[in-house]
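The structure under discussion appears below in the form of structure tokens.
There are 4 protein chains.
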Amino acid sequence: MTQKIINVGIVGGTGYTGVELLRLLVQHPNAKLTAITSRSEAGIPVADMFHNLRGWTDLKFVEPAAAALDQCDLVFFATPNGIAMKDTPALVKAGVRVIDVAADFRIKDIAEWERWYKMPHACPELVAEAVYGLPEVNRAQIVGARIVANPGCYPTAVQLGFLPLVEAGVVDIEHLIADAKSGVSGAGRKAEVHTLLAEAADNFKAYGVPGHRHFPEIKQGLTHIAQKAVNLVFTPHLTPMIRGIHATLYARLTQEVDLQSLYENRYANEAFVDVMPAGSHPDTRGVRGVNVCRMAVHRPQNGDTVVVLSVIDNLVKGAAGQALQNMNIMFGLPETTGLRQVALLP
Amino acid sequence: MTQKIINVGIVGGTGYTGVELLRLLVQHPNAKLTAITSRSEAGIPVADMFHNLRGWTDLKFVEPAAAALDQCDLVFFATPNGIAMKDTPALVKAGVRVIDVAADFRIKDIAEWERWYKMPHACPELVAEAVYGLPEVNRAQIVGARIVANPGCYPTAVQLGFLPLVEAGVVDIEHLIADAKSGVSGAGRKAEVHTLLAEAADNFKAYGVPGHRHFPEIKQGLTHIAQKAVNLVFTPHLTPMIRGIHATLYARLTQEVDLQSLYENRYANEAFVDVMPAGSHPDTRGVRGVNVCRMAVHRPQNGDTVVVLSVIDNLVKGAAGQALQNMNIMFGLPETTGLRQVALLP
Amino acid sequence: MTQKIINVGIVGGTGYTGVELLRLLVQHPNAKLTAITSRSEAGIPVADMFHNLRGWTDLKFVEPAAAALDQCDLVFFATPNGIAMKDTPALVKAGVRVIDVAADFRIKDIAEWERWYKMPHACPELVAEAVYGLPEVNRAQIVGARIVANPGCYPTAVQLGFLPLVEAGVVDIEHLIADAKSGVSGAGRKAEVHTLLAEAADNFKAYGVPGHRHFPEIKQGLTHIAQKAVNLVFTPHLTPMIRGIHATLYARLTQEVDLQSLYENRYANEAFVDVMPAGSHPDTRGVRGVNVCRMAVHRPQNGDTVVVLSVIDNLVKGAAGQALQNMNIMFGLPETTGLRQVALLP
Amino acid sequence: MTQKIINVGIVGGTGYTGVELLRLLVQHPNAKLTAITSRSEAGIPVADMFHNLRGWTDLKFVEPAAAALDQCDLVFFATPNGIAMKDTPALVKAGVRVIDVAADFRIKDIAEWERWYKMPHACPELVAEAVYGLPEVNRAQIVGARIVANPGCYPTAVQLGFLPLVEAGVVDIEHLIADAKSGVSGAGRKAEVHTLLAEAADNFKAYGVPGHRHFPEIKQGLTHIAQKAVNLVFTPHLTPMIRGIHATLYARLTQEVDLQSLYENRYANEAFVDVMPAGSHPDTRGVRGVNVCRMAVHRPQNGDTVVVLSVIDNLVKGAAGQALQNMNIMFGLPETTGLRQVALLP
């Protein structure tokens, strides 16, 4: 039997999303990595920069112009925001499908996107057609998508955590609270002072409380799920760890419901969402390196407030792993292909 | 001029609260440490166990019986819960004043205490007289107290953060949310698996969501402040750092108020509470090693939810430093005596 | 084609070596895990204790007596020292092969073993037959071994690092220096104070400088390689990280040699030893989670001292991974079977 | 009695050495901080950048030109290498004394300095007069110095550790080995990728093995002590912690000597060197935040190799604390003035 082969290109492979895509793609039985671009590192073997890839790939970073991306079946953008929207129109025209792991196609309201990302959008017409790549919500649309907007890390943990409550209409959706904590790899592999080990280790702080770019994305996603306007307070925090997001979610119940059953039933057929038994506390290390969103639902003191604990690896289910999950769906592969690792613990 | 000298004893000096009391007491101009007890380490020089005290003290741990604690002016209990309540009656009878840094005298409702701490209380009659040692609330009562119940670490950060809102009566006090994150020293210097570096590092999780011992303490404290029943959801989390608590507090506004002024005015005369300018984000390292609660108040998207960010060092303002603050008040010293260190950053 | 299936039992599965064996075995195509024992946790599902195994195994810990280990093809001991030597004689008699990941069969000189491990040995006669499971040295003997003594973590990194120099006879083997640094998982999943996060994080120290149990093991191994007496100074250090060993090795050259070629040639056919280009610096994260020993060789200032940098993941090539490598060899499988993961970086 | 006041300026106050100088100076009874310069941050209050200084100083960063540094009694340079050498001539001419915490005045051999620091030296004539500020070696010369070259962090830990052996002439000084491990604050507060938390945490590696700038400094210092040529191998490593250096030093004995007495006697009158009892292991946290070099000396297996364990806080005894120690000596103050903190543990 001939195995289906997907020719894959990566634009911008020097960041954490890039190396994580590489880690997963070199193990994927149906993906053939044909090019990885980087302006700054062109000519450098990928494995010289990322030692974990020694022995796994001989690829070198190439200039974008030399990458022949239009020959690929699929191109991942693991770039800063604002790059994918420039290159995607030509690729799509050439028949290449695109998964943007950055934010260029996530927000449907162009004016809203431009306000948060502080630049004009280069291809508003393609935003409308792009599918928001949260498979647990939009699986059917992803199948045929030319452009998939891979969700942000916080939005993945927060939306999957609230999803059963919002879908069932059992909570006050105008006053949701998402208190989220992220490891510093979420800030990317960028030379910056505030994410130095000497700044961020043995330290904890909130940031972006007045406003964070993932706020409109979460609000849009939950509104789509609820089919009416959702409002929330979203508080991100920087945590002294490398990987992992822990979202602690609060919602006020508006009617009685069996919370445990609600969650277990909603996710019964999802390979990558794991609902723990009642009374549990998921930890981020339990999903370190794997494409899983694990959660537990609580009702403290039997009061009217639901507390959902939702964890992901921000680089996997929050980025590269979810991107491969979308790739599998787009190309008709079993959804778990190449995504069956065991989390690294301890 | 003769300087006032307070003869001080410590019961249970081998934990983190103990060594932190020692660090602060050896620098305090009016405290004379006369005895420190430990059954397991009797005979061992304190500085052999805690290298930071080399050159600062020649004291050895002694058996409790040999400590002559009844000759002290003040005894600190830095013991597990359940010890102070046994020894305090005799000390008080002997005219010794007591500061319990553990939980034996914190909860006024004895049945409630016994339910959370799972043991019968040994001296309920003294609980009634004990003063809850949160100086920013109970300063006047602390002055003459024979027994001070030093507040828990989470309760300090949470109560000080909510205090201005609750006192002013401007929020819905039946639905407060305290999402709190603590460094692992909060679990004490105990041989346990879950706080090993290999378990707790590069990891984040909530714990005790169904119920935590600091919940009734916070509820009692806020109810005392509000003069009517307060209810809250309290979610503690374990954070991979040594010291520090970050409490992220949510409350629903019931009327308009100038939040920044409310906070600045309330704490204008407090030496150990620092209200940051509007829009700020305090970090735990900024109070590492010092007796300060630093906070900032936000109103995201100008909605009806207030978000307060409140940080302390759990071992200082959350334990030993607050204990010395109480000592200073009890013995008529300026409140900042011996507590003017600069936080260690980075 | 029928696939060979190895029925595997694990004795003592609640430590880090145990969970790491599980992580690798559930992904191994030829291993069938039939029993895992734990006295303290009997009846508990393995995945309840280690969340990374949720969805991978339904096994519960069982009492050793109930494990039917004598029906296994192979039993791993992931126990404290002193257990395997008691149970191995009966298993071997029953035709079961044994890999001891602890230290019971590592030291050939029984008196020496008893001095360092402070207990009488229970089966000295089996020590003689046991094969020291460092495949890069003893591959041929491992094939037919009934008992394999899986090497210690430090000894693996140190011996593989010195091996080419010692084998070639180009250094002063009476004055080797091994300055080794380990993550705290090397101390095991035991409730102890000194490996608490609050003790070991943001801290660095040497330990066991007067003498460490891995010293006689390294000395015996290098002496075996050199075919004459080797002596060394071995200095272990505790490093604030979870996984990883970095051995920095010093040897005085006694003759000229092309160091880079010496190393590359010696390990040219080894799947799990990776010699980096001249001038490189391996990092422990580059082998996080994988069965690789990566090294680089230096000659600073072109002087007469060789410096070798050798890194492993202490739980993989330093324990569970090397144990599976030995299993593969013992059962005639390709040596890399089930051991082709990509290191988790960052 | 009038207290001596030293008017102090700091050039380059936004790095870790700068903030550490500030932390110590605001507590120093005789220092009056009059100006702190930063081109990039001019106009910003120092306490806005470093929260630990809130309430301690109202100073703002100023442009160098506006700082009136020539009115100071003493100027500290906490700048990148290459700045102090440009500004010092004019300051010295104006009668201002200078302590350079960077490397401009450390190496007497100008050609050697220029080779390692890759720039021409701006004032070679002042290098000759500058005093190398290691008080335990050069105290007498520091008293009257116009320019003090504050030692590097590694050189401080390594030289103090080897000093008694080298001075006594009891070891082979041509084959010393210094295996040193540093926390990442040693790399400075600079936006760089390799010191990001996501790169450096849970990771360990050597760097600069072929050659590091502190190598010639150590070699010069030990040669000065020995009064004849010393040679060594120096291997620095990056450790996942914020502060601290642990130097593990190896030397071959050339004659019998009572090592413990040698060390205790040499440092008997040194306030900032602490020799531990035989058999001890110092840890870096034991000196966190304080101006102490703590050490222990070992002779493993009673062989001919001495192992010295020497720890400092790289930002205090390895930088800012030693700079204040030098200031105290230069201005006739007791050497411990303002330097009597207790290390922060845990």
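Residue numbers (the numbering used here), protein chains in the order written: chain C, 1095 to 1440; chain R, 1095 to 1440; chain X, 1095 to 1440; chain H, 1095 to 1440. Glycine is no exception: its CB is placed at the ideal position from the N, C-alpha and C atoms.
Bounding residues of the alpha helix (DSSP H) (the contiguous stretch that carries Ile1236(H)) | As a working note, residue 1236(H) is residue 142 in the fourth sequence. Residues Pro1229 to Val1237.
Proximal residues of chain H, C-beta to C-beta of Asp1296(X) below 7 Å = The residue labelled residue 1296(X) in the question sits at position 202 within the third sequence. What Asp1296(X) touches in chain H: Met1335, Ile1336 and Arg1379.
Rounded Cβ spacing between Asn1408(C) and Arg1337(C) (contact assumed at less than 8 Å) | Translated into positions along the first sequence, residue 1408(C) becomes position 314. Translated into positions along the first sequence, residue 1337(C) becomes position 243. Between Arg1337(C) and Asn1408(C) the Cβ distance is about 6 Å, and since that is below 8 Å, they are a contact.
Residues within the region 1141-1157 of chain R neighbouring chain H, beta-carbon criterion of under 8 Å = Phe1144, His1145, Asn1146, Leu1147, Arg1148, Gly1149 and Trp1150
Which of the residues in the region 1269-1295 of chain R, read from start to end, lie with their CB under 7 Å from any CB of chain X?
-> Val1278, Ser1279, Arg1283, Ala1285, Glu1286, Val1287, Thr1289, Leu1290, Leu1291, Ala1292, Ala1294 and Ala1295
Let me know the alpha helix (DSSP H) ranges lying completely inside the region 1100-1159 of chain H, each 4 residues or longer, listed in chain order.
-> 1110-1119 and 1140-1143
Whole angstroms is fine: what's the gap from Asp1164(R)'s alpha carbon to Thr1128(R)'s?
-> If you number the second sequence from 1, residue 1164(R) lands on position 70. If you number the second sequence from 1, residue 1128(R) lands on position 34. Taking the straight line joining both Cα atoms gives about 11 Å.
Paired residues, beta bridge with Lys1275(X) - DSSP = By 1-based counting over the third sequence, the position of residue 1275(X) is 181. According to DSSP, Lys1275(X) bridges with His1331(X) and His1340(X).
For Arg1191(X), which beta-bridge partners are listed by DSSP?
-> Along the third sequence, read from residue 1 onward, the residue named residue 1191(X) stands at position 97. Answer is Leu1168(X).
Buried or exposed by the 16-neighbour rule on C-beta atoms within 10 Å, applied to Glu1311(R) | Sequence index remark: in the second sequence, residue 1311(R) carries index 217 (1-based). Its Cβ being crowded by 16 or more others within 10 Å, Glu1311(R) is buried.
Who are the Cβ neighbours of Ala1390(C) in its own chain at under 7 Å, not counting the five residues just before and after it?
-> What you label residue 1390(C) is simply residue 296 of the first sequence in a count that begins at 1. The answer, listed in chain order, is Met1370, Ser1374, His1375, Pro1376 and Leu1403.
Beta-carbon proximity of Val1264(C) to Gln1349(C), cut-off 7 Å | On the first sequence, position 170 is the one that residue 1264(C) refers to. On the first sequence, position 255 is the one that residue 1349(C) refers to. Yes, the Cβ-Cβ distance between Val1264(C) and Gln1349(C) is below 7 Å.
Decide if Asp1152(C) is buried, meaning its Cβ has at least 16 other Cβ atoms within 10 Å, or exposed.
-> Locating residue 1152(C) in the first sequence gives position 58, where the first residue counts as 1. Asp1152(C) is exposed by the Cβ-count criterion.
Opposing strand residues paired with Leu1270(C) [DSSP bridges] | As a working note, residue 1270(C) is residue 176 in the first sequence. Its beta-bridge partners are Leu1326(C).
Pro1310(H) CB to nearest chain X CB: under 7 Å?
-> Numbered from its first residue, the fourth sequence carries residue 1310(H) at position 216. Chain X contact via Cβ: absent.
With 7 Å set as the bound, which would you pick, yes or no: does the beta-carbon of Pro1394(X) sit closer than that to a beta-carbon of chain H?
-> In the third sequence, the residue the question calls residue 1394(X) occupies position 300. Closer than 7 Å: yes.
What do you get for Gln1097(H), buried or exposed, if any count of 16 or more other CB atoms within 10 angstroms of its CB means buried?
-> For the purposes of this step, residue 1097(H) is identified with residue 3 of the fourth sequence, where counting begins at 1. It is exposed - the Cβ of Gln1097(H) has fewer than 16 other Cβ atoms within 10 Å.
CB contact flag (Thr1111(X), Ala1172(X), <7 Å) | Locating residue 1111(X) in the third sequence gives position 17, where the first residue counts as 1. Locating residue 1172(X) in the third sequence gives position 78, where the first residue counts as 1. Yes.
Apart from the five residues just before and just after Leu1220(X), which ones in its own chain have a Cβ nearer than 8 Å to its Cβ?
-> Here residue 1220(X) is taken as the residue at index 126 of the third sequence, counted from 1. Same-chain partners within the cutoff: Met1179, Thr1182, Pro1183, Val1186, Phe1199 and Ile1241.
Could you name the residues that DSSP lists as bridge partners for Tyr1226(R)?
-> On the second sequence, position 132 is the one that residue 1226(R) refers to. Paired residues: Ala1243(R).
Backbone CA spacing between His1340(C) and Val1351(X) [nearest angstrom] = Start at 1 with the first residue of the first sequence, and residue 1340(C) comes out as number 246. Start at 1 with the first residue of the third sequence, and residue 1351(X) comes out as number 257. In this structure, the CA atom of His1340(C) is about 54 Å from the CA atom of Val1351(X).
Proximal residues of chain H, C-beta to C-beta of Tyr1110(C) below 8 Å | As a working note, residue 1110(C) is residue 16 in the first sequence. Those within 8 Å of Tyr1110(C) in chain H are Ala1292.
For Leu1343(H) and Gly1255(H), the rounded distance between their alpha carbons | Taking the first residue of the fourth sequence as position 1, residue 1255(H) is located at position 161. Taking the first residue of the fourth sequence as position 1, residue 1343(H) is located at position 249. C-alpha separation (whole angstroms): 7 Å.
What residue range is occupied by the uninterrupted beta strand (DSSP E) comprising Thr1399(H)?
-> As a first step, residue 1399(H) must be located in the fourth sequence, where it is residue number 305. Thr1399 to Ile1406 is the extent of the beta strand (DSSP E) around Thr1399(H).
Whole-angstrom Cβ separation of Pro1319(H) and Leu1257(H), contact assumed at under 8 Å?
-> The residue given as residue 1319(H) occupies position 225 in the fourth sequence. The residue given as residue 1257(H) occupies position 163 in the fourth sequence. This sequence places Ile at residue 1319(H); Pro is not what is there. Their Cβ separation, rounded to whole angstroms, is 6 Å, which keeps Ile1319(H) and Leu1257(H) in contact under 8 Å.
At 7 Å on the CB atoms, spell out the chain R contacts of Ala1437(H), in chain order.
-> Within the fourth sequence, residue 1437(H) is the residue found at index 343, counting from 1. The answer, in chain order, is Asn1146.
Limits of the unbroken alpha helix (DSSP H) element including Met1424(C) | In the first sequence, counting from the first residue as 1, residue 1424(C) sits at position 330. From DSSP, the alpha helix (DSSP H) with Met1424(C) extends over Gly1415 to Met1424.
Give the interface partners of Val1401(X) over in chain H, defined as CB-CB distance under 7 Å, in chain order.
-> Numbered from 1 along the third sequence, position 307 holds the residue referred to as residue 1401(X). What Val1401(X) touches in chain H: Val1303, Val1327 and Thr1329.
Residues of its chain near Thr1431(X), where Cβ-Cβ distance is below 6 Å and the 5 sequence neighbours each way are ignored | Position 337 of the third sequence, counting from 1, holds the residue named residue 1431(X). If we look at Thr1431(X) and ignore the five residues flanking it on each side, its Cβ neighbours are Asn1422.
Using a threshold of 7 Å, state whether the C-beta atoms of Arg1117(H) and Val1436(R) are closer than that.
-> On the fourth sequence, position 23 is the one that residue 1117(H) refers to. On the second sequence, position 342 is the one that residue 1436(R) refers to. Remark: C-beta atoms of Arg1117(H) and Val1436(R) approach each other more closely than 7 Å.
Within 10 angstroms of its Cβ, does Val1156(R) collect 16 or more other Cβ (buried), or is it exposed?
-> What you label residue 1156(R) is simply residue 62 of the second sequence in a count that begins at 1. It counts as buried.
So which residues of chain H does Pro1123(R) contact, with C-beta pairs closer than 9 Å?
-> On the second sequence, position 29 is the one that residue 1123(R) refers to. Residues of chain H whose Cβ lies closer than 9 Å to the Cβ of Pro1123(R) do not exist; the shortest such Cβ separation is about 12 Å.
In chain X, what lies closer than 8 Å to Pro1428(C) by C-beta?
-> Position 334 of the first sequence, counting from 1, holds the residue named residue 1428(C). Per Cβ cutoff of 8 Å: no residues; Pro1428(C) is ~16 Å from chain X at best.
Per DSSP, cross-strand counterpart(s) of Met1389(C) = On the first sequence, position 295 is the one that residue 1389(C) refers to. Met1389(C) pairs with Val1369(C) and Ser1404(C).
Anything in chain C within Cβ reach of Asp1368(X), meaning under 8 Å, just list it in chain order.
-> For the purposes of this step, residue 1368(X) is identified with residue 274 of the third sequence, where counting begins at 1. Chain C residues near Asp1368(X): Arg1148 and Gly1149.
8 Å Cβ cut-off: residues of chain H touching Pro1229(R) | As a working note, residue 1229(R) is residue 135 in the second sequence. Here the premise fails: no neighbours, minimum Cβ distance about 17 Å.
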